[in-house]
């Protein structure tokens, strides 16, 4: 009897998601036992053609990490969708756009200009910018098209499930994989797997009081108390607007959560929700003072939308 | 939930809507919207036939969602909710689309108005798909009423409630009830003696079985909700046991220390142990700790020595008590504008420049001059200027009209004319005599020889300054350097009707200063969750249709705390507030808002961000479950917590994210 | 028999010219009653407003040019009417028809040809500074631009105050420079004549000069210049930090960097210039300076600070004729004498001129002197 | 002219792609190594508070996030001009040492060893870590996984999260080490040195004692005479965390040793239109294209270059191995395949360092943070990533908001060198249009795998192969031969 097929693919990502799959350590052998690996470019043979030759739906499960940054990413995303029964957006980039989604604050040309012209160590008098098609003396070379905006996986194709995190916690990945291997039923389409159903605060051991914020502080210039809720201390922590599941790793390490697990269930826009929450607990009635307090948040978009800018409500103005 | 079957009902509102919006086109558009199975229009949807039309359509077309496109929900949401209920549909399956205030009244171009009406209806229809039926909730009501403030408004309200059989707790900050009205001499325009009509009411309050009077007390904390308020009251230490005190007054006689008398506006003095005025209720003294020398040096105790019933108790302490009431009437009154801030008018700089209330005391038979109108040096004035609009109708101070000043200015003019031979000048901008008998009073005054100058007085100089700056004027007016003339004051104004600048040499100036909101209005507003308008006074729920209600159910307004008011208006409003409170507490049960917020335990992470933001203090924290809880009865469904909750664990019924986003999408989906 | 009916088109013209506030007036007469003119003659701004509200003839008469823009009425107006703006916009309508007072015509002519209202040659603009050895302003090397105002360049009396200021600033080590002939009048009074075209020309010429030379901070001698830099220039991309020289000097004295040395044994009173006080809110610094001078006895007049009484030189009144008995300067000198002052100090070139004029008109040159704050300070330094 | 496309070969930031052009005779005319992906960190890091960068830029690479985190942390310290207290510095270094152990073990056993232990000609399906385990025995295989896991665990204990770490903050780290964590680290690192010794022994037994392998290492297609770049301490010993970068030329002569803040005076970057990845080169030599020799501007980074650029190792056992390395192969070593040996010498150093630091009582000092007091402005942070020198350069405004970012990351250093190694391998192996199918692919692959480019790390731990497809195209682009290695 042939085993079901598994595909793991990376689009615009750092490889951390693949590492977190490897970090299930010895259990990777269980995966090997249960599945035929149809595709895993980081670890195994990669054949576009073979995938193209498959029947639609031939792959049982595809774990897709990385965002859609260029034409190749999009092409493979659509191809894998067609060939997979279950397509999972794996990790922050595929799920929400990820850290690299902050690039949507700039246009394509601005990014290229910064990297290839403005860098102090780059010497590029002819202002050469990589091209999708370039001629060398021996012939033509091609590169995929670098899009103006980055998109999450579900912005280019239909997605069945999401596994959040930057990267997903290996234990959570393992639990999902074992669940699937055991053949247990999956939740409704569109569900988030491998994470909790509440916000980070649920698992956070820090002491929480009623919140009233008079001052925002930065980790650069202040040391937080290790026992008390960071937000109460004025350090913006995205924990309240972030789904649980990572084990509150960052907060336990003494720094605020930045929200890589994405919004909790029911929350449409993680950044907007946190902004709304923070705005509500500013401890002042005086508009000038409120403005002064708010102005202490130096980088609102990078703070509230660190991982979710491309999938936020803000994205529309970009397109 | 069944598949939505939506009915859309478009109201013409006469020409209010139909005059601008193309109803036919809008109706056609509405009927094309998804899930809309019926769309119609009518001239006045809120009329009986209009309501019948809606009810009939619900039954005939088996509608399970109703959208009425008409005026604001404030106007008629309850009307149509009732129609739905009668037709067997849960009232929360009704959605109002406001195409009047938000559309036809504010959009000038008919075509754009039609487009906008479509968008608004599209939004309402989209939202209605996600409406959910909600249960009607009731709570029982405590029949007691708390009245805050013991001026004429509080007195009237307390008596009305008590007479209706309800227990009343009347809390007054000062040692006696009576308020500003007790300081007045005569009342306009009837010239009744203020004390004569007020004291019987005060006595009734003091003696009424249903009224528990707490003077020298302040409300410190209010929690709970309509029908079930918990109120903490601080009873300040009086140092006199009123249950023992007979009110004989010997203590006040014997007390050797004095302080400025607040009741006399500082024009006279009182003792450290005192009753504010002879007719005070309760007519039993308190000790003013600030003035009493015993509290500073530990010596004296003269009052104690002479007190036969041994009522003086220096060990008395502040006490906090808690009471439960079903309704609260706020009657905290007003303050007067501080005329020192208009420095050019010479108040507190020159003698014989008085505020209105100071003159009231000077003129009062029980006042410091025993009712004799006199100057500081005891002379009777020969000329008096009454300056209107001091601190009111003025962008630099208060923009509003203080409403009572014209009338009390006329009253003073009359009393001056009655008691003295003095000339009286009234410098006014506009005479505003709108009440019953007021214009007649003005008419009477013009016949009494009072001089009216239409122009705002801008400065008051004394003899020396006038002589230095305007020697020609002083000379031209025939002012000599006689002792009497050297005490003259010079008032400058333009008579705008003559286009002439005037100088009025007078002996006394009365500044008709504005009524303003009390300095502690903000504290009270926080305590009770009621709003303050931009004029500083408490905001009624609706200026016309709910003038004594507030945004907090069960809290009502009486008197000048809501805006400048004369006595007749105050008494009328106090009675209205009492009636509103009585009709509430006598209902036994009250229906509370069902569109409230609730915490989904499955999703709440216990972050406590919502805990302190509820304007109605409806949220508490359950430590054992590590989650926040919304008290249904307190919640008004404002949605603050729902928008605060960073994990969307709080849902605002009837305004869920899904409903709101559907509405937005509907609005944009043209 | 005249039949009156409102002529609202005229009203609309005034509103459009910037007199929006006209509508707010409710005719209480405060402006008339507080107006300094009320001390010497009948003059009712309120009445003019009423005429203008109706668009009726009469508002455009000579009275329109009386307003010295002292701002007393604006501060007191219960309806918050910007009375000066309304007057200015009415004047601008008249100016467009050419019906401005004849004396102002020559002033505007001088502005157009020389860049100053004093009919002086442009080349002679920095004649006052000749012997002081002041450096020319350049944004790279100089912190402050010292803007002397036109008056000192062409008027022998006010020349002295610019000299005094420059010497004291130099003594205190303030890093400043001047422009000389390239700069033009700040334009404050010109704007008040209603001639917007000429005004904008001045404004743009100065702003392009300042910007090209890298001006960041300006010390103004005249409160009128200060007011213009502060309130008019920014809207035309002329953004500078502007201070009045009294602010600079008061700060230096407070910080111990400048110390009045010699005694000044005189009884001095202080006249608040309208544009320094009511228009710019600077009341304390000049007084602080005076109080720091050893030997000086300070006495306040009756009308001070917010209630100060105008000298009569603002609103282009400087160039218009006022009958002797109607001059505010005369009244102000009298008031100063009444408190026994033998020096009336002030801090505005226009006030200096009007008060000097008042002193002469009264013939009390032997009893009282008119001095600028900088002159007093200079006298105690050198 | 024919074109061979190897697409994709996995990637650094995206997929790597090799284009080989053959001339009419069928010999290799030229070879292009393309990186078709760009994410633009240099742009979107602008506007962020600078202290957020260490936890943002680690997302450049999920394989070596630790290196980015630490380089960034050092740059941020420099921006604030603040020096972390000794405990913080040592914990960062311990963290880095553990990461090196983890990374080098993974590379050697998962990538390099199968080629040698099983032989380059072994069936592809066996030539992976599982095949390796079968060959050397389950116990050793288990040890490999255990050491990797232990090193990973040490990182988690110090840094909180293991992949994208967060613990470095301006002037130190966010949490001190607890006693419990410390004793666990001691336990975890106990057999590190022993394991390193074993690995070197394995290499000696399998590779060095096998003449065929030694010949392969020294064979011409795997020689590349270019310069070397590596971080050294005050004694010119290899250092991963601190010190100054040193450049040594093809002959072993020092060209420069520079302060991190002067990096741009020594390293320049060149842009080609056909790759999103830039080509760093030595400023002293200038960009002269893909050429070898003394005048070339091209240099290498990573283990081999580090050993070439240094005068020795800072720990005794590693120093002994260092000496053995250079007495066997003459210094400077230009053989690309010698990277593997060099990596194992470094593994020994990293293991010794881990143990040494784990036993340093200072790391339990709770004082792990100096709060910045100065206004932030500009800073450069340099560390050695497993795959080459990492340079992070930030500028900020007065509030510490980033205004400019420049990055030269590990594998980028070797971009030109990899291109050249591939070309050399291809030229030596493709003659007259004759294509040795699987052999070529593996040989070509060995040429760039030796660099441990980021995109190859941690691969081969599953049954699978390097993903190589070679398309040989006609001049009109049609594929007339496809070579797949499966």
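Protein chains in written order, with the working numbering: chain A, 1 to 319; chain B, 320 to 989; chain C, 990 to 1371; chain D, 1372 to 1857. Glycine residues also receive a C-beta, built at the ideal position from the N, C-alpha and C atoms.
Where residue i meets chain A, residues with beta-carbon distance less than 7 angstroms
| i | result |
| --- | --- |
| residue 1757/D | Within chain A, no residue comes near residue 1757/D; the closest Cβ sits about 13 angstroms away, beyond 7 angstroms. |
Chain D within 9 angstroms of residue i, Cβ atoms only
| i | result |
| --- | --- |
| residue 299/A | yes |
| residue 54/A | no |
| residue 100/A | yes |
Partner residues on chain B for residue i, Cβ-Cβ distance less than 9 angstroms
| i | result |
| --- | --- |
| residue 1015/C | 712, 748 and 749 |
Closer than 9 angstroms to chain A by CB, residue i
| i | result |
| --- | --- |
| residue 921/B | yes |
| residue 937/B | no |
| residue 1523/D | yes |
| residue 486/B | no |
| residue 857/B | no |
| residue 1702/D | no |
Closer than 9 angstroms to chain C by CB, residue i
| i | result |
| --- | --- |
| residue 773/B | yes |
| residue 853/B | no |
| residue 528/B | no |
| residue 662/B | yes |
| residue 823/B | no |
Counted within 10 angstroms of its Cβ, other Cβ atoms place residue i as buried (16 or more) or exposed
| i | result |
| --- | --- |
| residue 1197/C | exposed |
| residue 990/C | exposed |
| residue 1807/D | With a pLDDT of 49 at residue 1807/D, under the threshold of 50, the modelled position of that residue is not reliable, and no figure is offered here. |
| residue 1724/D | buried |
First through last residue of the alpha helix (DSSP H) which encompasses residue i
| i | result |
| --- | --- |
| residue 421/B | No alpha helix (DSSP H) contains residue 421/B, which DSSP labels as neither H nor E. |
| residue 778/B | Not the alpha helix (DSSP H): residue 778/B falls in the beta strand (DSSP E), residues 778-781. |
| residue 1722/D | 1710-1729 |
Rounded straight-line distance, which links the Cα of residue j to that of residue i
| i | j | result |
| --- | --- | --- |
| residue 1775/D | residue 1488/D | 47 angstroms |
| residue 1514/D | residue 979/B | 58 angstroms |
| residue 1179/C | residue 1131/C | 29 angstroms |
| residue 1188/C | residue 68/A | 59 angstroms |
Terminal residues of the beta strand (DSSP E) in which residue i lies
| i | result |
| --- | --- |
| residue 708/B | 702-709 |
| residue 537/B | 536-544 |
| residue 1651/D | 1650-1653 |
| residue 1763/D | 1759-1767 |
Any chain B beta carbon closer than 9 angstroms to residue i
| i | result |
| --- | --- |
| residue 188/A | no |
Beta-carbon neighbours of residue i, restricted to chain A and to distances below 8 angstroms
| i | result |
| --- | --- |
| residue 915/B | The contacting residues do not exist; residue 915/B stays about 18 angstroms from chain A at best. |
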